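Numbering (our numbering), first residue to last: 10 to 158.
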């Protein structure tokens, strides 16, 4: 069963005025074949120009998401399936940054704030567990190797 949205003119303006922001998926929603199109970028810019907050969401890693957060007209990108948010600098981005994680991930050169769902000690413990699993996989599975990206 396909969903067809109602025409915008059928939506009362008093209800639309209550909207303060838009959340959107990235892959195959904002992007087409892995790239954002000029019309999609313009749509994001138009939302921002109307005073709406725009937050893009992806399951992809922070490193993949950071250039997008720096160059797209968005307030933030939520990456790694919600584990971390990259918040663009601005007058309303006064949330505290979790920058106590230098042992887990090197700090970025960007001015983006990183907000993690887990505290630094939990991330460090999880990182160590992942390294242990990775070492075992490399030892036990012929041909297995670490990704370089």
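All C-beta atoms in this analysis are idealised placements derived from N, C-alpha and C, irrespective of residue type, glycine included.
Predicted, not measured: the structure shown is a model, and the values here were computed from it.
*asked:* Is it buried or exposed, residue 144, if we count other Cβ atoms within 10 angstroms and call 16 or more buried?
replied: Here residue 144 corresponds to residue number 135 of the chain shown, with the count starting at 1. Per the 10 Å Cβ criterion, exposed.
*When you compare each of 130, 146, 51 and 96 to residue 122 by their alpha carbons, which one comes out closest?*
As a position in the chain shown, residue 122 is number 113, starting the count at 1. Nearest option by C-alpha distance: 96.
_Supposed close pair residue 88, residue 76 - CB separation, criterion 8 Å_ = For the purposes of this step, residue 88 is taken as the residue at position 79 of the chain shown. For the purposes of this step, residue 76 is taken as the residue at position 67 of the chain shown. In fact, because the Cβ distance is near 12 Å, the residues do not count as touching under 8 Å.
*Flag this pair as yes or no: are the beta carbons of residue 63 and residue 31 separated by less than 7 Å?*
As a position in the chain shown, residue 63 is number 54, starting the count at 1. As a position in the chain shown, residue 31 is number 22, starting the count at 1. Going by C-beta atoms, residue 63 is nearer than 7 Å to residue 31.
*Can you name the residues that DSSP bridges to residue 122?*
Taking the chain shown and counting its residues from 1, the one referred to as residue 122 is at position 113. DSSP output for residue 122 lists 96 as bridge partner(s).
*Apart from the five residues on each side of it in sequence, which residues of its chain come closer than 6 Å, Cβ to Cβ, to residue 49?*
The residue you call residue 49 lines up with position 40 of the chain shown. Answer for residue 49: 39, listed in chain order.
_Quick check: residue 33 and residue 65, are their CB atoms within less than 7 Å of each other?_
Here residue 33 refers to the residue found at position 24 of the chain shown. Here residue 65 refers to the residue found at position 56 of the chain shown. In this structure, residue 65 lies closer than 7 Å to residue 33 by Cβ.
*How big is the Cα-Cα spacing for residue 131 and residue 55?*
Here the question's residue 131 lines up with position 122 in the chain shown. Here the question's residue 55 lines up with position 46 in the chain shown. Their backbone Cα atoms lie some 39 Å apart in a straight line.
*asked:* When you compare the CB positions of residue 98 and residue 80, do they come within less than 7 Å of one another, or not?
replied: Position 89 of the chain shown holds residue 98. Position 71 of the chain shown holds residue 80. Their beta carbons are not under 7 Å apart, which means residue 98 does not touch residue 80 by this criterion.
*Would you mind stating whether residue 94 and residue 61 have Cβ atoms separated by less than 7 Å?*
Locating residue 94 in the chain shown gives position 85, where the first residue counts as 1. Locating residue 61 in the chain shown gives position 52, where the first residue counts as 1. The Cβ atoms of residue 94 and residue 61 lie no closer than 7 Å to each other.
*Starting from residue 146, trace the alpha helix (DSSP H) both ways and give me its first and last residue.*
Numbered from its first residue, the chain shown carries residue 146 at position 137. Unbroken alpha helix (DSSP H) run through residue 146: 129-149.
_For residue 13, count the other beta carbons within 10 Å of its own beta carbon; 16 or more makes it buried, fewer makes it exposed. Which is it?_
As a working note, residue 13 is residue 4 in the chain shown. Answer is exposed; the Cβ neighbour count stays below 16.
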